[in-house]
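To start, the structure under review is shown below, and the notes come after it.
Chains as they are written, first to last, in this note's numbering: chain C, 1 to 365; chain G, 1 to 365.
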């Protein structure tokens with residue numbers, strides 16, 4: 001086993017999920033994430049945690065959803081009981097075909113997502129962390145050779161997270177103090193309110209309310225979005241290629257959309273429920289260890305010089321106690337490149353220009 | 001997909017587990033059983049049942065158990081809740097190395113089995129069925145080519161189960177009416193009481209209290225075992241080769257044992273708990289579709305011309321209501337060839353000689 005697989009497992013279990021003896025841990029294993037799962041099992045054994053492995057395969061999901069008549073039972077008791085009783089939920093992504101679910105009818109998926117919303121809530125109430133094992137299928141999606149992709153992935157994952165957390169704290173402070181954010185670039189001029197919201201310093205650890213490994217972004221939950229935005233970073237969503245999505249917002253809600261490619265997927269997402277037409281997240285990528293797009297949201301949205309917005313559900317960590325932000329069965333991120341001709345303002349002050357932050361030496365306000 | 005994979009899934013879901021709409025189904029997937037899992041997912045979708053897939057890998061188990069300090073939490077809440085809330089539990093075996101767990105210390109495995117006994121009880125309280133997907137690793141264990149092995153496996157699995165059930169009912173009747181069984185062959189002379197026990201006509205369906213696919217045996221739960229027995233069918237148990245195990249019983253308990261190979265594994269099993277030194281099962285193979293030993297208990301113990309005995313836990317279905325038979329954390333089957341120089345008596349009457357039953361045309365009493 002590549003020693004980096006063991007290091008990945010150690011970062012995941014210790015830094016990210018803060019696993020302790022006696023924790024009831026669900027490990028969701030993708031069909032090609034076996035090797036990482038073995039390393040995680042070893043680490044959980046060392047820590048004296050309790051392991052239950054589930055199998056997460058797009059091909060199983062596809063076969064099941066396509067065969068079902070669409071009248072799904074709400075929150076099946078066995079799966080609900082499993083997540084209700086879990087302390088930690090580790091998702092180890094890694095399949096053999098990133099398009100494995102491309103031909104699931106949108107209506108079918110929406111019905112299933114809606115029927116199982118309580119299970120999702122309970123999963124999000126655990127110390128959950130999502131990561132991926134670098135697979136050939138992910139390398140292919142990134143247009144990279146397998147070995148090259150593994151180097152890329154581990155460079156992004158095996159970082160000095162404590163030091164990156166210190167750097168990101170500066171942007172969190174600016175967002176926490178601000179009331180309104182404006183994002184301007186070619187084809188984009190969008191304003192969002194963030195008055196009473198708390199930004200998350202997403203340092204790849206539940207101790208920072210951060211649930212992705214790798215991470216390296218600062219995000220908050222915007223509201224009252226107005227204006228238009230173009231997402232120029234190419235992505236695959238639900239197995240389909242999506243290019244240059246344009247959204248127009250009025251009074252916090254999407255009122256118009258189009259895309260050069262994949263517009264039907266965006267339309268499908270927007271129809272999920274009311275929350276799917278609102279923003280749940282404004283995220284600003286700060287992981288400069290990620291040096292290229294690889295058509296994988298887990299990496300792309302963390303890349304320095306990018307900003308992303310998510311349609312759908314907001315994370316509780318960004319909201320005042322007792323207040324609910326956007327609620328939805330979906331949370332779909334879309335990314336825009338801000339490396340050139342762009343600025344991000346907080347209450348009228350430019351805090352990032354062409355990807356460089358005001359607290360960085362080379363900032364040219 | 002080979003059409004037989006879909007037929008296998010259909011027999012498993014409909015005939016074996018009698019899955020109905022609304023059933024909460026756990027599907028335990030081995031690392032190489034993916035294709036069968038996809039077919040089962042499709043069938044569960046068609047039936048309107050609820051699917052939760054778990055991942056069952058010897059390599060994960062090994063990594064976890066070897067790393068753990070051995071002081072296991074009893075019946076972790078998340079796994080216990082999952083099986084308590086499951087109606088059906090389908091185990092799809094199929095790994096990449098049948099010796100994947102060979103170097104787990106016996107003490108460690110025993111401690112884990114004992115700590116999780118309630119989880120096992122709850123699993124056995126579901127409509128559970130164990131089957132295997134024919135893999136290259138199983139073909140290797142059987143000394144067969146992959147395609148050859150697939151033909152072998154599907155010949156055993158895709159049978160006319162209803163007609164075999166009728167045939168086996170005749171042996172069940174003889175056992176249900178009898179008080180004492182005696183098995184005699186070279187190096188074997190064993191008597192067991194079966195007075196108040198009920199034999200199971202194991203026709204590969206929970207409707208027959210039968211939980212294996214393939215099946216094709218009639219079994220009961222003996223007691224008061226006396227005498228000696230030699231198991232001459234070669235097997236791999238817990239990843240180790242076991243050859244010619246000899247057990248000596250007095251007053252229902254193993255008082256002496258040895259083996260040409262794998263004696264340490266047998267010793268390890270016998271030390272699990274008190275029940276592990278007693279018999280939990282007497283089984284008589286009647287599936288003549290299985291035409292050779294393949295070093296896989298699921299097939300070998302069902303083969304015609306064989307008798308098997310299990311150390312450890314008895315199945316409730318064989319016991320009078322409210323009465324408990326042998327209780328143990330283990331159930332380990334051992335097999336003896338009865339095709340030559342053997343006889344099986346019930347209350348002094350020969351019911352099988354050299355593999356042929358008294359209700360068969362060619363019986364020579």
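We put the beta carbon where it would ideally sit given N, CA and C, even for glycine. All values derive from a computational prediction rather than experimental measurement.
{"Item": "Candidates C:195, C:235 and C:109: closest to residue 223 of chain C by CA position", "Value": "C:195"}
{"Item": "Which residues DSSP lists as bridging residue 117 of chain C, in chain order", "Value": "DSSP output for residue 117 of chain C lists no bridge partner at all."}
{"Item": "Reference residue 35 of chain G, options G:336, G:351 and G:133, closest by Cα", "Value": "G:133"}
{"Item": "Any chain G beta carbon closer than 8 Å to residue 66 of chain C", "Value": "yes"}
{"Item": "CA nearest to the CA of residue 206 of chain C, picked from C:94, C:227 and C:128", "Value": "C:128"}
{"Item": "Residues that DSSP places opposite residue 287 of chain G in a beta bridge", "Value": "G:303"}
{"Item": "Residue 245 of chain G - containing beta strand (DSSP E), residue span", "Value": "240-250"}
{"Item": "Min CB distance residue 53 of chain C to chain G below 8 Å", "Value": "yes"}
{"Item": "Three CB pairs or more closer than 8 Å across the region 90-105 of chain G and the region 151-171 of chain G", "Value": "no"}
{"Item": "Where the region 76-93 of chain C meets chain G: residues whose CB sits under 9 Å from a CB there", "Value": "76, 77, 78, 79, 80, 81, 82, 83, 84, 85, 86 and 87"}
{"Item": "Residue-level contact to chain G via CB, residue 31 of chain C, 8 Å cutoff", "Value": "yes"}
{"Item": "Distance between residue 212 of chain C and residue 130 of chain C (C-alpha atoms, nearest Å)", "Value": "5 Å"}
{"Item": "Option nearest residue 52 of chain G by Cα separation, candidates G:27, G:72 and G:326", "Value": "G:27"}
{"Item": "Any beta strand (DSSP E) of 3 or more consecutive residues that is wholly inside the region 41-67 of chain G", "Value": "50-55"}
{"Item": "Residue-chain proximity (residue 34 of chain C, chain G), Cβ-Cβ < 8 Å", "Value": "yes"}
{"Item": "Chain G within 8 Å of residue 106 of chain C, Cβ atoms only", "Value": "no"}
{"Item": "Buried or exposed (CB count within 10 angstroms, at least 16 for buried), residue 320 of chain C", "Value": "exposed"}
{"Item": "Short CB-CB distance (under 8 Å) between residue 45 of chain C and chain G", "Value": "yes"}
{"Item": "Beta-carbon proximity of residue 344 of chain G to residue 181 of chain G, cut-off 8 Å", "Value": "yes"}
{"Item": "Classification of residue 125 of chain C by the beta-carbon crowding that lies within 10 angstroms, buried from 16 upward", "Value": "exposed"}
{"Item": "The region 336-351 of chain G touching the region 225-240 of chain G, judged by at least three CB pairs closer than 8 Å", "Value": "yes"}
{"Item": "8 Å Cβ cutoff met for residue 295 of chain C and residue 102 of chain C", "Value": "no"}
{"Item": "Distance between residue 312 of chain G and residue 162 of chain G (C-alpha atoms, nearest Å)", "Value": "30 Å"}
{"Item": "At least 3 beta-carbon pairs within less than 8 Å: the region 81-91 of chain C vs the region 38-57 of chain C", "Value": "yes"}
{"Item": "Beta carbon proximity, residue 14 of chain G to chain C, threshold 8 Å", "Value": "no"}
{"Item": "8 Å Cβ cutoff, residue 298 of chain C in contact with chain G", "Value": "no"}
{"Item": "Cβ of residue 324 of chain G within 8 Å of any chain C Cβ", "Value": "no"}
{"Item": "Residue 217 of chain G versus residue 19 of chain G: straight-line alpha-carbon distance, rounded", "Value": "23 Å"}
{"Item": "CB contact below 8 Å: residue 355 of chain C versus chain G", "Value": "no"}
{"Item": "Alpha-carbon to alpha-carbon, residue 275 of chain G and residue 250 of chain G", "Value": "14 Å"}
{"Item": "For residue 168 of chain C, the first and last residue of its enclosing alpha helix (DSSP H)", "Value": "161-177"}
{"Item": "Cβ shell of residue 9 of chain G (< 8 Å), same chain only, five flanking positions each side left out", "Value": "36, 39, 40, 42 and 43"}
{"Item": "Sub-8 Å separation of residue 355 of chain C and residue 283 of chain C beta-carbons", "Value": "no"}
{"Item": "Contacting residues, own chain, Cβ-Cβ under 6 Å from residue 57 of chain C (five flanking each side not counted)", "Value": "31"}
{"Item": "Distance, residue 112 of chain G Cα to residue 118 of chain G Cα", "Value": "12 Å"}
{"Item": "Contact set between residue 73 of chain C and chain G, taken where Cβ atoms lie within less than 7 Å", "Value": "22 and 50"}
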